[in-house]
Amino acid sequence: MKKLFVKTYGCQMNAYDSAKMADLLAPLGYAATDAPDGADMVILNTCHIRERAAEKVYSELGRLKNLKAEKALSGGRMLLAVAGCVAQAEGAEIVARQPAVDLVVGPQSYHRLPEMIARAARDQGHALETDFPALEKFDSLPAPTASGVSAFLTVQEGCDKFCTFCVVPYTRGSEQSRPPEAILREAQQLAAKGAREIVLLGQNVNAYSAEGWSLAKLCGALADIEGIDRIRYTTSHPRDMADDLIAAHADNPKLMPYLHLPVQSGSDAVLEAMNRQHTADDYRRLVARVRKARPDIALTSDFITGFPGESDADFEATLQLVRDIGYATAFSFKYSKRPGTPASTLRKQVPEDVKAARLDALQKLLLQQQHAFDDSQIGRTVAVLFEKPARDNGQLMGRTPYLQPVHVHADAALIGQVGQVRIQRRTANSLHGVVV
Ligand code: SAM
Ligand code: SF4
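Listed below in structure tokens is the structure:
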């Protein structure tokens, strides 16, 4: 057996891709290992969203170069691959800056890894693939070899929205949806391997559209698969929240009451400069419609503070939107310039200390809301899907319908089952209770 180490950065779509790369390489004799030392192949599955993402990858590659040299001294060869969005954005520059890299493969071409490995082994040279044949990729991926209780399933890739701060349309390409039959087949395979929850993934998952199928129709068909108890989807764009999807939250009991619906800002001027193509009030009205369909739905969002030109009043509008909506939890980031995006060249950049102070104020408010939401479960009995042993001995980790982690002393036989748990208390990031 050859040892394969995959390091995953960034979003859930990368986590899905990493698992698929491991599945692809299994027939070539590669088995996953949890450290890079002595590995026969190391893949960095990179993310380009955060600040200085490429620089961090180069410094990691510097460390791996030494491990590769050690392996060569003992007569072996470590193949070094860079995958994901940094690979797509940097391309051949990666090999120019770090010649120890053997393979550079973009997020839409990693199905070609086996042939790239053969090429690199044959001529000891480098192989580079950064095309966008997304649907060809899905056609060539193997069936999942394993599944956790909760499994990711990518249904849609890429983005045509071109928010002015974001690199995704450039690194993942244009919006593409997989055919429904392929998705349903993969869901059946995952269910057969033990998945009880399917999390549908896409950069714009609610823009899913293929052969007359919408995301709502897909969720309906998934609900009919034996073994699947829970369905989730992420990430949604407010502009693509169709009526049938809102209705599905009322009508499809397996669709969980949880919606990640990033708004980024509560200021109309900033939303316009971001090219989000909706106003803060459009978002408020949308949330009202979703809550009418499913009153207990947990809402979450992404926010950016300090987008170029954001004034104190703009930021206050964001805080007001947060107060109006009431989130279960949320992710928030300081704006950071991404090379090649329109916002990076805007002149009115916000000073770093202002961005940081706004982020701090926003996160305090969001944390209060998160704790209030979690506290509202105390004393209630909720359905928890048990996923795995918790770090504490004898405890299991599961999730409520609202995606809150719950820790319970319970028999490991409950893993993969939904149990009723009475919630007793909350710690910083999770709930605790007893099985009833
Ligand atoms: N498609 C999703 C949407 O439209 O909301 C978001 C996908 S993006 C990978 C995840 C989050 O990263 C965004 O919602 C945004 O908040 C954040 N993000 C993206 N570019 C950023 C930037 N240049 N600076 C700070 N945060 C950024
Ligand atoms: Fe990026 Fe906007 Fe597309 Fe989301 S919708 S992936 S933020 S461009």
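Just remember that the working numbering sits 9 ahead of the position in the sequence shown, which is counted from 1.
Glycine included, every Cβ here is placed at the ideal spot set by N, Cα and C.
So, for residue i: in the same chain, excluding its five sequence neighbours on each side, which residues have a beta-carbon less than 8 Å away from its beta-carbon?
| i | result |
| --- | --- |
| R293 | L330, D333 and I334 |
| V104 | V110, V113, H135 and L137 |
| E195 | A152, P153 and L162 |
| T390 | Q429, V430, R431, I432 and V445 |
| K146 | Q117, S118, Y119 and H120 |
For residue i, count the other beta carbons within 10 Å of its own beta carbon; 16 or more makes it buried, fewer makes it exposed. Which is it?
| i | result |
| --- | --- |
| R186 | For the record, residue 186 in the displayed sequence is Ser; it is not Arg. So S186 ends up on the buried side. |
| F340 | exposed |
| P151 | exposed |
| V445 | exposed |
| Q377 | exposed |
| S320 | exposed |
| Q117 | buried |
| P262 | exposed |
| A78 | exposed |
| Q433 | exposed |
| D369 | exposed |
| E64 | exposed |
| D49 | buried |
| N402 | exposed |
| Q122 | Note that residue 122 corresponds to Leu in the displayed sequence, not to Gln. L122 is buried by the Cβ-count criterion. |
| S68 | exposed |
| R435 | buried |
| M10 | exposed |
| A101 | exposed |
| R356 | exposed |
| D420 | exposed |
| R131 | exposed |
If you compare alpha carbons, which of the options is closest to residue i?
| i | options | result |
| --- | --- | --- |
| L193 | E220, A230, A216 and S183 | A230 |
| K397 | Q386, A422 and F382 | A422 |
| A191 | T180, F395, Y179 and E220 | E220 |
| R347 | H258, S156 and V95 | V95 |
| L264 | A307, D277, Q273 and R285 | A307 |
| Y217 | L254, K202 and A200 | L254 |
| Q197 | P153, C172, K170 and I424 | P153 |
| W222 | V91, Q212 and P189 | P189 |
| N23 | Y67, L37 and G115 | G115 |
| I234 | A259, L199, P266 and D252 | L199 |
| P129 | P108, K146 and S149 | According to the sequence provided, residue 129 is Ala. The question's Pro does not apply to it. Comparing Cα-Cα distances from A129 to each of P108, K146 and S149, the minimum goes to P108. |
| L375 | D311, L440 and M406 | D311 |
| K301 | Q286, G275 and D260 | D260 |
| L328 | V91, S274 and A419 | S274 |
| D290 | S276, N284 and A282 | S276 |
| Y267 | T309, A232 and L33 | T309 |
| M406 | A232, S353, G19 and H441 | H441 |
| D148 | Y344, S245, I240 and L33 | L33 |
Going straight from the alpha carbon of residue i to that of residue j, what length do you get?
| i | j | result |
| --- | --- | --- |
| D238 | K74 | 45 Å |
| D384 | I207 | 27 Å |
| R61 | T243 | 25 Å |
| T288 | A326 | 12 Å |
| T55 | Q21 | 12 Å |
| D43 | P351 | 39 Å |
| A437 | V417 | 16 Å |
| A365 | V359 | 10 Å |
| I424 | A204 | 11 Å |
| N215 | M125 | 33 Å |
| R367 | T314 | 6 Å |
| G318 | G71 | 37 Å |
| K12 | A127 | 16 Å |
| F382 | L394 | 19 Å |
| H120 | L371 | 41 Å |
| P178 | V443 | 45 Å |
| D140 | S83 | 36 Å |
| A9 | A35 | Nothing can be reported for residue 9, as the shown portion of the chain is limited to 10 through 445. |
| A201 | G236 | 8 Å |
| V176 | D362 | 24 Å |
| A232 | K80 | 49 Å |
| S159 | F14 | 22 Å |
| Y25 | Q212 | 13 Å |
Less than 8 Å between the CB atoms is what I'm expecting for residue i and residue j, so what's the real figure, rounded?
| i | j | result |
| --- | --- | --- |
| V415 | V427 | Not really, about 12 Å apart at Cβ, beyond 8 Å. |
| P247 | L270 | 6 Å |
| F316 | F174 | 7 Å |
| P410 | A392 | 6 Å |
| L210 | M250 | Actually they do not touch by this definition, with Cβ atoms about 17 Å apart. |
| C168 | R181 | 6 Å |
| Q404 | Q386 | With a Cβ gap of about 18 Å, Q404 and Q386 do not count as contacting. |
| I52 | M30 | 6 Å |
Just to confirm my understanding: we take residue i, look at its own chain, exclude 5 residues before and 5 after, and list those with CB closer than 6 Å. What are they?
| i | result |
| --- | --- |
| A257 | A225, C228 and L264 |
| V279 | F316, E319 and D323 |
In chain order, what residues of the same chain lie with their CB nearer than 7 Å to the CB of residue i, ignoring the 5 residues before and after it?
| i | result |
| --- | --- |
| L76 | P45, D46 and M87 |
| G38 | M10 and K11 |
| R106 | Y67 |
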